[in-house]
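End of the sequence shown = 322 in the UniProt record's numbering, gap-free, step of one. Virtual Cβ for every residue (Gly too), placed ideally from N, Cα, C. As the structure is a computational prediction, the values presented were derived from the model and not from experiment. Take a look at the structure below.
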Amino acid sequence: MTGAGGCRAALTWLDEPTVEALRAALRLVAPGLADGTIVPRGLEPNDDPQWCAASAVVDDRFVVKFAWAEPPAQRICHQVRLLDSLRAAAPRLPLPVVVATSRDPAMLVTQRAAATPFFDVRHLITTPDRQAVADDLAAVLVALHDADVLTSVSEATGPLPEPMAHASTGTLRARFGALIRPDQRDRVSAWCDRADQALAAPGRTVLVHGDFHGDNHLWDRELLRLRLVVDWETAGTGEPEFDLRCLPGDCGTELFTATVAAYERMSGTTLDMDRIMAWHLRTVLGDALWRAEAGVALPDRRTPAHWVDDLADRFTALKTFG
């Protein structure tokens, strides 16, 4: 199956967020899928052009990413270029199998893997499983963060973006206090000060996934082995610690610390725990902030104040950010 629109084609996107528009685009990009059963995910109008994108599963065998505005269309094309260069630069990485790509309209079609998001298997991980899971997480990140990978990908794709956490500490100081208990406000402010100190000096520059959370690494449910890393649209240059920022919450502190130890053993480099937790703070509270201000429920249906309590427990367990 081949894609429509080469690398020199003009960039376009769908006219509207409908299954009918997607089906018409598939007739151009992947005709063999156009008449298949389409199950969309996230296909709904959005006032912000940044988020006018969605995906769909076709015939339970393929995943299609598409957009109906320019910013996400650009991200799709970035992901296409990145996957192509990564396949050569880091062949050990478990990347999606690309079936078709296009700029006109922007689209990426990949094979759907028989694998499960980490969020849906983490409750199955027992103490005897922990080291193998940590090794799988670390191995993927070590392979991605290799200096030669960044050099190779940059040469192939040109300048890369720099992913950032959801919110700056300045934004959190100014707006997060209204969402939490009065007794938590000084603590959050002190955490922001500590995060600023931790990130004051630049870190080592590597290629980062940019959004390495539990929906974006997929696992064999029976064997508890990592099978696939998906959603590379925000990949770019950053520091290794940035890519580990979701793990303290996603994995729990014991699996997280085991992953850090495995990463350091495999890479021969040292990770800065304070830097990881500084990015973790900005990511967790930034996520809670935008959801609360947009009227979107937090994923676990709790409150920002609960998330602050969770952070306090993690900082205590990890003996950081006292």
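Cutoff 6 angstroms; reference residue i; Cβ partners in own chain excluding five residues on either side
i	result
aspartate 287	His166
serine 267	Val142
leucine 26	Leu33, Ala34
valine 308	Ile180, Gln184
aspartate 310	none
leucine 43	Pro17, Ala54
Pair within 8 angstroms by beta-carbon distance, residue i and residue j
i	j	result
glutamate 233	glutamine 79	yes
leucine 179	cysteine 192	no
arginine 245	threonine 283	yes
leucine 223	alanine 113	no
alanine 292	proline 304	yes
isoleucine 76	valine 58	no
threonine 259	alanine 138	yes
aspartate 148	alanine 9	no
leucine 152	alanine 56	Residue 152 is actually serine in this sequence, not leucine. No; because the gap between Cβ atoms is not below 8 angstroms, this pair is not in contact.
glutamate 241	arginine 275	yes
alanine 69	proline 40	no
leucine 285	phenylalanine 176	yes
proline 163	valine 208	yes
leucine 281	alanine 190	no
Residue range of the beta strand (DSSP E) that includes residue i
i	result
proline 40	38-41
valine 99	98-103
Any C-beta of chain B under 8 angstroms from that of residue i
i	result
aspartate 59	Reference to chain B is not applicable here, since this structure consists of a single protein chain.
CA-to-CA distance, residue j to residue i, given in whole angstroms
i	j	result
glycine 6	aspartate 183	Model confidence at glycine 6 stands at a pLDDT of 46, short of 50, so the residue's coordinates are unreliable and nothing is read from them.
methionine 1	alanine 24	For methionine 1, the predicted structure reports a pLDDT of 43, less than 50, and the residue's modelled location is therefore unreliable. The matter cannot be settled from this model.
alanine 34	leucine 83	24 angstroms
threonine 253	arginine 314	7 angstroms
alanine 317	cysteine 52	39 angstroms
proline 159	glutamine 131	36 angstroms
proline 71	histidine 123	36 angstroms
tryptophan 13	aspartate 129	44 angstroms
asparagine 46	threonine 237	28 angstroms
aspartate 15	alanine 73	12 angstroms
arginine 301	threonine 257	27 angstroms
alanine 21	glycine 36	14 angstroms
Cβ neighbours of residue i in the same chain (closer than 7 angstroms, five flanking residues each side left out)
i	result
arginine 87	Leu95
threonine 157	Arg81, Leu82, Ser85
aspartate 215	Pro117, Phe119
tryptophan 290	His166
alanine 115	Leu218, Trp219, Asp220, Arg227, Leu228
tryptophan 279	Ala165, Glu241, Phe242, Arg245
Any non-hydrogen atom of the ligand GTP within 7 angstroms of residue i CB
i	result
glycine 252	The model on display carries no ligand, and the ligand GTP is accordingly not part of it.
For residue i, the residue or residues it bridges with in DSSP
i	result
threonine 237	Leu207
aspartate 220	Arg225
phenylalanine 62	Val58, Gln111
alanine 53	Ala67
alanine 258	DSSP output for alanine 258 lists no bridge partner at all.
Span of the alpha helix (DSSP H), counted from its first residue to its last, around residue i
i	result
valine 121	Premise fails: valine 121 is in no alpha helix (DSSP H) and is neither H nor E.
arginine 301	Run containing arginine 301: none; DSSP gives neither H nor E here.
proline 248	247-251
arginine 27	19-29
tryptophan 13	First-last for tryptophan 13: undefined, no H or E at that position.
proline 182	182-198
tryptophan 279	273-294
Sequence-distant residues of the same chain with beta carbon closer than 8 angstroms to residue i, five excluded per side
i	result
valine 99	Met1, Ala30, Phe62, Val109, Thr110, Gln111
isoleucine 125	Val133, Leu224, Leu255
aspartate 272	Ala198, Gly203, Glu241
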